[in-house]
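Taking this note's numbering, the leading residue of the sequence shown gets 962, the next gets one more, and so forth.
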Amino acid sequence: MTALEYPFITSVLPEAEGGGYLIEYPDLPGCMSDGETIQEAIENGRNSARCWIETARAHEDEIPMPGSST
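As structure tokens, this is what we get:
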């Protein structure tokens, strides 16, 4: 299972919050990232998801299946 398989949600951050884009992985609680461009946000988000999965494995926590939160 890789971070690339997980669906994500993107949203535009308001200028008052610094602008850019936010990416969230609904299947991975608390897993999110941002970037100045949509592409940067996606790349950063994939890195965050990989770290989330690696940490869950290290702690022997359950890793949700992609799409399980929908």
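Don't be surprised by glycine CBs; every beta carbon is placed ideally from N, CA and C.
Here E985 carries a strand assignment [DSSP, helix/strand/coil].
The beta carbon of I999 lies closer than 6 Å to those of Y982 in the same chain, with the five residues before and after it left out. Distance between V973 and G1006, taken at the CA atoms: about 14 Å.
Straight across, the Cα-Cα distance linking F969 with E978 is about 21 Å.
Per DSSP, I970 lies in no alpha helix (DSSP H); the unbroken beta strand (DSSP E) holding it starts and ends at I970 to V973.
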